[in-house]
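There are 2 protein chains.
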Amino acid sequence: MMETGFRSQCPIASALDLFGDRWSLVVLRTIFAGARRFGELAGASERISSNILADRLERLETFGLIEKRPYQQAPPRHEYRLTRRGADLLPVLQALARWGVEHIPERWSLPPWFAEGRPEDFYPDGPASDPSRTGSGPSGSSI
Amino acid sequence: MMETGFRSQCPIASALDLFGDRWSLVVLRTIFAGARRFGELAGASERISSNILADRLERLETFGLIEKRPYQQAPPRHEYRLTRRGADLLPVLQALARWGVEHIPERWSLPPWFAEGRPEDFYPDGPASDPSRTGSGPSGSSI
DNA sequence: ATAGTGACTTGCATATTGCAAGTCACTGGC
DNA sequence: GCCAGTGACTTGCAATATGCAAGTCACTAT
Chain R
55 MMETGFRSQC PIASALDLFG DRWSLVVLRT IFAGARRFGE LAGASERISS NILADRLERL
115 ETFGLIEKRP YQQAPPRHEY RLTRRGADLL PVLQALARWG VEHIPERWSL PPWFAEGRPE
175 DFYPDGPASD PSRTGSGPSG SSI
Chain A
55 MMETGFRSQC PIASALDLFG DRWSLVVLRT IFAGARRFGE LAGASERISS NILADRLERL
115 ETFGLIEKRP YQQAPPRHEY RLTRRGADLL PVLQALARWG VEHIPERWSL PPWFAEGRPE
175 DFYPDGPASD PSRTGSGPSG SSI
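Following this line, the structure appears as structure tokens:
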């Protein structure tokens, strides 16, 4: 391990050092699909354990891929949103999705908002953070 | 977990079920960069442990992403090559690399053979499996 | 015979994941 | 007031994954 915490200076290996575990990209997918709150994220089809979800949210926040925003004061509750940096991971998820659809039988098809989306559509201050774009959300038949 | 071994039918989650661990995509990157033999793969910049490398090679072979070919008989020795299915992961690696270069300071730049390559260039029976395309290999300054 | 090489395998400590239950701070209903 | 419900985590513990370092095996060369 290099002194910076990365395995090497390779951009692939370094990116994977940040989110190359079983769950981080799955959580990000769920956020791309419009989920914001802990319960919604936990409710995605993969049934992530709450301790793993809490841990991943904290990590993704630490790495600047998502940000936490309060949605109520008592008790303090937060929603999670993509940052620009996090939204820029859309092409990775799209490439993964295309590979999955092509090579693993009986996967869900990709919804148009995802297949044709651009990172900017998901920027926190962009026009397309509008949740109405997300359709059926993470528990839908597609993603 | 579904009865098929996948967490859900989402193509992203399913793909990650196959290779969403700390090392699989790093190993695949090293193979894309031209490494073939165990020692070459172990020699990449990230310094993977031999037990993890052996395990990942076996898994990647089981999932049909790489294939093993003998390069000598005594003692029996093998080289590892991408399958079509494995080569089709190039866009994923390219997207990861682009994100890494953009968002993590001081990463290696992408060599043209990688940045501009297509999956077909890396097919086992394609024209571009030629190792001369791989330039300096995995231990080079780029990837 | 010994030493070296390459491809793993093994032993063991540490880290991560997964399951299930628990805790806390609220709210609402009686 | 009490109790139950809810949402967001936290905790305890077993199973699995990772990492380090050494070992093993089958060869080759000297």
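If you read the sequences in order, they're chains R and A. For the first sequence, this note's numbering begins at 55 and goes up steadily by one. For the second sequence, this note's numbering begins at 55 and goes up steadily by one. Every residue gets a Cβ at the ideal spot worked out from N, C-alpha and C, and that includes glycine. As the structure is a computational prediction, the values presented were derived from the model and not from experiment.
Practice problem: Could you spell out where the beta strand (DSSP E) holding A/R135 opens and where it closes? | Solution: In this chain, the beta strand (DSSP E) harbouring A/R135 covers 131-136.
Quiz item: Given a limit of 8 Å on CB to CB distance, which residues of the stretch 143-156 of chain A reach chain R?
Solution: Within the stretch 143-156 of chain A, the qualifying residues are L143, P145, V146, L147, Q148, A149, L150, A151, R152, W153, G154, V155, E156.
Quiz item: Does the Cβ of R/P173 have 16 or more other Cβ atoms within 10 Å, making it buried, or fewer, making it exposed?
Solution: The residue in question, R/P173, is buried, as its Cβ has 16 or more Cβ neighbours within 10 Å.
Practice problem: For R/E133, I'd like the list of residues in its chain whose CB is within less than 6 Å of its CB, leaving aside the five on either flank, ordered along the chain. | Solution: Close CB contacts of R/E133 within its chain, under the 6 Å cut and outside five residues either way in sequence, are with R90, R91, R123, Y125 (chain order).
Exercise. Using a Cβ-Cβ cut-off of less than 7 Å, list which residues of the stretch 80-109 of chain A approach chain R; keep chain order.
Key: Listed by position, the residues of the stretch 80-109 of chain A near chain R (Cβ gap below 7 Å) are V80, R83, S99, E100.
Quiz item: Touching or not, the stretch 93-102 of chain R and the stretch 136-144 of chain R, by the rule of three or more beta carbon pairs under 8 Å?
Solution: Contact fails between the stretch 93-102 of chain R and the stretch 136-144 of chain R, because fewer than three Cβ pairs, one in each stretch, are under 8 Å apart.
Quiz prompt | Contact list for the stretch 65-77 of chain R against chain A, Cβ threshold 9 Å | solution = Flagged, chain order: P65, I66, A67, S68, A69, L70, D71, L72, G74, D75, R76, W77.
Quiz item: Applying a beta-carbon distance threshold of less than 7 Å, which residues of chain A neighbour R/W162?
Solution: Under the 7 Å cutoff, chain A gives Q63, C64, P65.
Exercise. Would you kindly work out how many angstroms separate the C-alpha atoms of A/W77 and R/G59, rounded to a whole number?
Key: Spanning the two alpha carbons is a distance of roughly 16 Å.
Quiz item: Which parts of the stretch 96-165 of chain R are runs of the alpha helix (DSSP H), unbroken and 4 residues or longer, counting only runs that do not cross its ends?
Solution: Unbroken alpha helix (DSSP H) runs of no fewer than 4 residues, entirely contained in the stretch 96-165 of chain R, are found at 104-116, 138-141, 144-157, following chain order.
Quiz item: Measuring CB to CB, does R/R71 end up less than 9 Å from A/G74?
Solution: In the sequence on display, residue 71 of chain R carries Asp and not Arg. No.
Practice problem: Can you grab the Cα-Cα spacing for the pair A/L144 / A/G88, in whole Å? | Solution: Between the alpha carbons of A/L144 and A/G88 lies a distance of about 13 Å.
Quiz item: Nearest-angstrom Cα distance between A/A149 and A/P159?
Solution: Here the alpha carbon of A/A149 sits roughly 17 Å from the alpha carbon of A/P159.
Quiz item: At a Cβ threshold of 9 Å, is R/I120 touching chain A?
Solution: No, no contact with chain A.
Exercise. Kindly list the residues whose CB is nearer than 8 Å to the CB of R/S68, restricted to its own chain and excluding five residues on each side of it in sequence; keep chain order.
Key: Counting only Cβ-Cβ distances below 8 Å, and skipping sequence neighbours, we find F60, R61, S62.
Exercise. Compare the beta carbon distance of A/L114 and A/L82 with 9 Å and say whether it is the shorter of the two.
Key: Yes; because the gap between Cβ atoms is below 9 Å, this pair is in contact.
Quiz prompt | is_contact[R/R113, chain A] using C-beta, thresh 9 Å | solution = When Cβ-Cβ separations below 9 Å define contact, R/R113 makes no contact with chain A.
Exercise. Specify the secondary structure class of A/R83 as computed by DSSP and reduced to three states.
Key: In the structure shown, A/R83 sits in a helix (DSSP, three-state: H, G or I).
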